[in-house]
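Engineer:
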Amino acid sequence: MKILFISKNNIKKPLTLSIQLFVFLILVLISAISVTVYSISNKLAEHYSDAKIETLKLDLDFSSYQRSLQLYIQQIGEINARLAELDNQTERLQSILKKQIVGKQKLPTLPKKEKEFENQGGPFINSNLTDQDVQIALQALMHRMQIREDIFNETESILLKQSVIKDTLPDLYPVSVGYRSSSYGWRIDPILGIRSFHEGLDFSAAEGDEIKATASGIVTAAGKAPDYGNYIKIKHGGGIETRYAHASKLLVKKGDLINKDQVIALVGNTGRSTGPHLHYEIRLNGRSLDPRKYLKKK
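Read in order, the letters of the sequence shown correspond to residues 2 to 299 in the working numbering.
(1) Determine which residues share a DSSP beta bridge with Phe198 and list them.
(2) Which of the three DSSP states, helix, strand or coil, is assigned to Val135?
(3) Throw me the rounded Cβ distance for the Asp172 and Tyr73 pair, which I believe falls under 8 angstroms.
(4) Quick check: the Cα distance between Lys213 and Leu160, rounded to an integer number of angstroms?
(5) Please state the DSSP three-state secondary structure of Ile192.
(6) Do His237 and Leu279 count as a contact pair if the criterion is CB distance below 8 angstroms?
(7) Kindly indicate which three-state DSSP category Asp203 falls into: helix, strand or coil?
(8) Quick one: what does DSSP say Ala246 is sitting in, helix, strand or coil?
(9) If distances are taken between C-alpha atoms only, which option among Arg273, Ser177, Ser182 comes closest to Ala266?
(10) Am I right that Ile189 and Gly218 are in contact with their C-beta atoms under 8 angstroms? What's the rounded C-beta distance?
(11) Can you give me the C-alpha to C-alpha distance between Thr221 and Leu170, rounded to a whole angstrom?
(12) If you draw a straight line from the alpha carbon of Asn154 to that of Gln140, how long is it in whole angstroms?
(13) Excluding the five sequence neighbours on either side, which residues of its own chain have a C-beta within less than 7 angstroms of the C-beta of Leu84, listed in chain order?
(14) Just the C-alpha distance for Arg196 and Leu251, rounded to the nearest angstrom, thanks.
(15) Please report the straight-line C-alpha distance between Gly256 and Ser249, rounded to a whole angstrom.
(16) Excluding sequence positions up to five away, which residues of its chain have a Cβ less than 6 angstroms from the Cβ of Leu290?
(17) I'd like to know whether the C-beta atoms of Ile137 and Thr91 end up nearer to each other than 8 angstroms.
(18) Suppose the cutoff is 8 angstroms on Cβ atoms and the five residues either side in sequence are ignored; what does the same chain contact list for Lys297 look like?
(19) Alpha carbon to alpha carbon, how far is Thr243 from Ile286? Give it in angstroms, no decimals.
(20) Excluding the 5 residues preceding and the 5 following Thr275 in the sequence, name in chain order all residues of the same chain whose CB lies nearer than 6 angstroms to its CB.
(21) When you compare only the Cα positions, how much space is there between Tyr281 and Gly201?
(22) Going by C-alpha to C-alpha distance, which of Leu87, Ile77, Asp168, Gly186 sits closest to Arg293?
(23) Can you tell me which residues form a DSSP beta bridge with Lys294?
(24) From Gly78, Ala207, Ile77, pick the residue whose C-alpha is nearest to that of Val268; which is it?
(25) In the DSSP assignment, find the beta strand (DSSP E) that holds Thr221 and state where it starts and stops.
(26) Contact defined as beta carbons within less than 8 angstroms: I believe Thr271 pairs with Gly230. What is the distance between those atoms, to the nearest angstrom?
(27) Buried or exposed, going by whether 16 or more other CB atoms sit within 10 Å of the CB of Phe204?
Rendered as structure tokens:
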């Protein structure tokens, strides 16, 4: 292949290039163009991809917020329903007690500040509230519910104490040593780390310490369960039942008649437990009661 170059004096000078060199130059040019086009395409694709990812993130965040909001609304609805139920149950029990109480026995009442919330309903939840705002509203409702739970439990304990035989009232401490390590009611679960309702009292004590029946009755269950570990259930009549869990050893069996203050088991660390202790419950017709309302003061 010949290429003519013309000098300033109009003299033509032929320059001969081989076919191979020419093809090589063309390929280099094409490659350069391809690389440039590829680079531009990649940048455009990355920009589009980033924008799409941001859009997806926003969609996911909004969807997650909506789900959380719906969950909070559901929880608030359930708590409001429970508040109304507690108020009705407490009013019913207190109306019965007013006819039976003799002397200076006073019935528990709502604190003055809490009375101001009556008949106001639950908080209004709108889409402009942040997750933190909704959690604060939920915690406030939980606090109100706990106050009513305490009043209901106190009222119920007064009624129960007046209606049962002395020996069948579970008013003794189930362990003579140790201390209460976890109370009845809402708490942070020590194993799961989430908020849950604790249906009894936990007494921290040394492994092997004696566990005593808090009232006379009959053993209806003595065995092992995943949560309770080694446990005992005692029926005391009138729908009252006590439960003793996490024992290292059981000293009674199903069907045994039990006297008040009788040793029935030894403290242990069986079942769903983080250390040696006794989990103690009082139930009335299957529903848990607050044992603190029945324990005699030491």
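The C-beta atom is built at its ideal place from N, Cα and C for all residues, glycine as well.
Structural biologist: Per the coordinate set shown:
(1) Along the sequence shown, one-based indexing puts residue 198 at 197. Phe198 is bridged to Trp187.
(2) As a working mapping, residue 135 is identified with position 134 in the sequence shown. Here Val135 sits in helix by DSSP.
(3) Numbered from its first residue, the sequence shown carries residue 172 at position 171. Numbered from its first residue, the sequence shown carries residue 73 at position 72. Not confirmed; about 40 angstroms, so no contact.
(4) Residue 213 sits at position 212 when you count from the first residue of the sequence shown. Residue 160 sits at position 159 when you count from the first residue of the sequence shown. Those two C-alpha atoms are separated by around 25 angstroms.
(5) For this step, residue 192 is matched to residue 191 along the sequence shown. Three-state result, Ile192: coil.
(6) Reading the sequence shown from its first residue, position 278 is the one you call residue 279. Reading the sequence shown from its first residue, position 236 is the one you call residue 237. No. Outside cutoff.
(7) Stepping through the sequence shown from its first residue, residue 203 is reached at position 202. Note: Asp203 maps to strand in three-state DSSP.
(8) Position 245 of the sequence shown, counted from the start, is the residue given in the question as residue 246. Reduced to three states, the DSSP call for Ala246 is strand.
(9) Taking the first residue of the sequence shown as position 1, residue 266 is located at position 265. Ala266 has its Cα closest to that of Ser177, out of Arg273, Ser177, Ser182.
(10) As a first step, residue 189 is located in the sequence shown; it is residue number 188 there, counting from the start. As a first step, residue 218 is located in the sequence shown; it is residue number 217 there, counting from the start. At roughly 33 angstroms, the Cβ-Cβ gap does not stay under 8 angstroms, so Ile189 and Gly218 are not in contact.
(11) Here residue 221 corresponds to residue number 220 of the sequence shown, with the count starting at 1. Here residue 170 corresponds to residue number 169 of the sequence shown, with the count starting at 1. So the alpha carbons of these two residues sit roughly 17 angstroms apart.
(12) As a position in the sequence shown, residue 154 is number 153, starting the count at 1. As a position in the sequence shown, residue 140 is number 139, starting the count at 1. Approximately 21 angstroms between the Cα atoms of the pair.
(13) If you number the sequence shown from 1, residue 84 lands on position 83. So the qualifying residues of the chain are Arg145, Met146, Arg149.
(14) For the purposes of this step, residue 196 is taken as the residue at position 195 of the sequence shown. For the purposes of this step, residue 251 is taken as the residue at position 250 of the sequence shown. Cα to Cα, the separation comes out at about 31 angstroms.
(15) As a first step, residue 256 must be located in the sequence shown, where it is residue number 255. As a first step, residue 249 must be located in the sequence shown, where it is residue number 248. Rounded to the nearest angstrom, the two C-alpha atoms are 20 angstroms apart.
(16) In the sequence shown, counting from the first residue as 1, residue 290 sits at position 289. Only Ile283 meet the Cβ criterion.
(17) One-based indexing of the sequence shown puts residue 137 at position 136. One-based indexing of the sequence shown puts residue 91 at position 90. Their beta carbons are not under 8 angstroms apart, which means Ile137 does not touch Thr91 by this criterion.
(18) What you label residue 297 is simply residue 296 of the sequence shown in a count that begins at 1. For Lys297, where only same-chain residues beyond five positions count, the Cβ hits under 8 angstroms are Asp172, Leu173, Tyr174.
(19) Locating residue 286 in the sequence shown gives position 285, where the first residue counts as 1. Locating residue 243 in the sequence shown gives position 242, where the first residue counts as 1. The question names Ile, but residue 286 is Asn in the sequence shown. Rounded to whole angstroms, Asn286 to Thr243 spans 11 angstroms at the Cα level.
(20) Here residue 275 is taken as the residue at index 274 of the sequence shown, counted from 1. Spatial neighbours of Thr275 in its own chain (CB-CB distance under 6 angstroms, excluding positions within 5 residues in sequence) are listed in chain order as Pro191.
(21) Here the question's residue 281 lines up with position 280 in the sequence shown. Here the question's residue 201 lines up with position 200 in the sequence shown. For Tyr281 and Gly201, the distance between alpha carbons rounds to 5 angstroms.
(22) Start at 1 with the first residue of the sequence shown, and residue 293 comes out as number 292. Nearest C-alpha to Arg293: Gly186.
(23) As a working note, residue 294 is residue 293 in the sequence shown. Per DSSP, none; premise fails for Lys294.
(24) Translated into positions along the sequence shown, residue 268 becomes position 267. Residue Ala207 is the option with its Cα nearest to Val268.
(25) Locating residue 221 in the sequence shown gives position 220, counting from the first residue. Segment 218–226, the beta strand (DSSP E) holding Thr221.
(26) Mapped onto the sequence shown, residue 271 falls at position 270. Mapped onto the sequence shown, residue 230 falls at position 229. That pair is a contact at about 3 angstroms.
(27) The residue labelled residue 204 in the question sits at position 203 within the sequence shown. By the 10 Å Cβ count, Phe204 comes out buried.
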